[in-house]
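Colleague: Just dropping this structure here.
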Amino acid sequence: VDYEERLYAVGKIPGGFIRREGRPSQEATLACRLTDRPLRPLLPKEWRNDIQLVITVLSADQENDPDILAVIGSSAVLSLSDVPFAGPVSAVRVGYINGELVLNPTLAQLEDSLLDLIVASTKEALVMVEAGAREASEDIITQAIQLGHEANQDIIKLQEQLQQAYGKPKIEAPASEVNAELLSAISPIVNGKLTQALSQPEKSQRDQALSELKKELLERLGELPEEDILSAFDVKVRAEVRNNILNKAQRVSGRGLTEVRPLGCEVGLLPRTHGSALFTRGETQVLT
Numbered sequence: 001v002d003y004e005e006r007l008y009a010v011g012k013i014p015g016g017f018i019r020r021e022g023r024p025s026q027e028a029t030l031a032c033r034l035t036d037r038p039l040r041p042l043l044p045k046e047w048r049n050d051i052q053l054v055i056t057v058l059s060a061d062q063e064n065d066p067d068i069l070a071v072i073g074s075s076a077v078l079s080l081s082d083v084p085f086a087g088p089v090s091a092v093r094v095g096y097i098n099g100e101l102v103l104n105p106t107l108a109q110l111e112d113s114l115l116d117l118i119v120a121s122t123k124e125a126l127v128m129v130e131a132g133a134r135e136a137s138e139d140i141i142t143q144a145i146q147l148g149h150e151a152n153q154d155i156i157k158l159q160e161q162l163q164q165a166y167g168k169p170k171i172e173a174p175a176s177e178v179n180a181e182l183l184s185a186i187s188p189i190v191n192g193k194l195t196q197a198l199s200q201p202e203k204s205q206r207d208q209a210l211s212e213l214k215k216e217l218l219e220r221l222g223e224l225p226e227e228d229i230l231s232a233f234d235v236k237v238r239a240e241v242r243n244n245i246l247n248k249a250q251r252v253s254g255r256g257l258t259e260v261r262p263l264g265c266e267v268g269l270l271p272r273t274h275g276s277a278l279f280t281r282g283e284t285q286v287l288t
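1 is the number of the first residue of the sequence shown in UniProt numbering; add one for each residue after it.
Here it is in structure tokens:
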């Protein structure tokens with residue numbers, strides 16, 4: 001996804017010696033990611049053909065952020081194309097101003113909003129939620145997500161009508177089913193060991209345990225294709241993680257659903273810089 005902002009969209013001409021459009025701004029990069037996230041999961045996992053979406057802002061009123069239109073436009077294009085896209089997708093922004101939820105608030109309204117929430121969804125379910133808020137309650141967030149999902153349905157219906165009128169026949173998506181017999185053969189080997197591996201508190205320990213389990217599978221099922229074995233193993237891992245979350249309220253590493261990793265922050269680590277800090281969350285560290 002490439003999101004391109006043009007200065008002529010707001011009636012300006014690039015100044016300076018070069019008189020060319022510069023590198024993408026931070027806002028353009030974020031708009032790229034915002035567009036990519038809800039679309040990518042709806043493409044077949046086995047799809048290997050390159051797809052390039054170039055979104056060019058031709059004209060902007062400087063009152064509304066074009067990023068929402070980028071998501072909708074990209075979804076509409078994929079729906080019209082022959083790409084096996086499991087859409088369409090729609091997105092809306094929801095704000096909370098003066099005690100009321102507001103659909104697609106302007107940039108000026110967002111200055112006074114307690115909530116800046118983007119909801120992207122298909123006809124059936126949510127595919128992405130992104131939010132920034134100033135201590136908005138859970139009830140407000142829940143109502144905003146519901147409002148956004150409902151508002152998306154009209155836009156999705158419009159895209160479906162467009163697809164029916166002008167869409168191309170879809171290319172058949174590559175098959176991705178894992179052999180049921182292979183899953184049955186793997187189950188007695190990984191059962192118990194997989195649960196123990198995923199519950200390791202440190203990432204390095206988990207990776208080592210999973211690596212050893214893969215090695216054991218390849219040795220014991222050596223007559224089968226390695227790619228098929230690893231694909232089936234990935235299915236088992238995903239199923240185990242999902243089962244632990246839904247039935248045991250337990251995430252990878254054994255943490256509960258509301259348990260966070262240890263947090264820490266140190267400042268003044270580097271003696272000669274203007275300022276420095278080390279932020280730590282679990283095994284992840286960031287030096288600034």
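Here a beta-carbon is modelled for each residue, glycine too, at the ideal position from N, C-alpha and C.
Can you tell me which of the three DSSP states residue 26 falls into?
Modeller: helix
Colleague: Checking 8 Å against the spacing of the C-beta atoms, do residue 174 and residue 254 come in under that value?
Modeller: no
Colleague: Quick check: the segment 215-223 against the segment 177-197, are there 3 or more CB pairs under 8 Å?
Modeller: Verdict: yes, contact present.
Colleague: In three-state terms, what does DSSP make of residue 85?
Modeller: coil
Colleague: Secondary structure at residue 256, three-state DSSP: helix, strand or coil?
Modeller: strand
Colleague: Out of curiosity, what's the CA-to-CA distance linking residue 53 and residue 71?
Modeller: 11 Å
Colleague: Between the Cα of residue 172 and the Cα atoms of 11, 118, 44, 119, which residue gives the shortest distance?
Modeller: Scanning 11, 118, 44, 119 for the CA closest to the CA of residue 172 turns up 44.
Colleague: Do residue 115 and residue 136 have their C-beta atoms closer together than 8 Å?
Modeller: yes
Colleague: Inspect the beta-carbon positions of residue 169 and residue 112 and report whether they are closer than 8 Å.
Modeller: Cβ atoms of residue 169 and residue 112: not closer than 8 Å.
Colleague: How about residue 79 and residue 161: are their beta carbons less than 8 Å apart?
Modeller: no
Colleague: Could you pull out every residue in the same chain whose Cβ sits closer than 6 Å to the Cβ of residue 156, ignoring the five residues on either side in sequence?
Modeller: 88, 90, 123
Colleague: In terms of alpha-carbon separation, which member of 76, 213, 226, 177 lies closest to residue 192?
Modeller: Each of 76, 213, 226, 177 was checked against the Cα of residue 192, and the nearest Cα belongs to 213.
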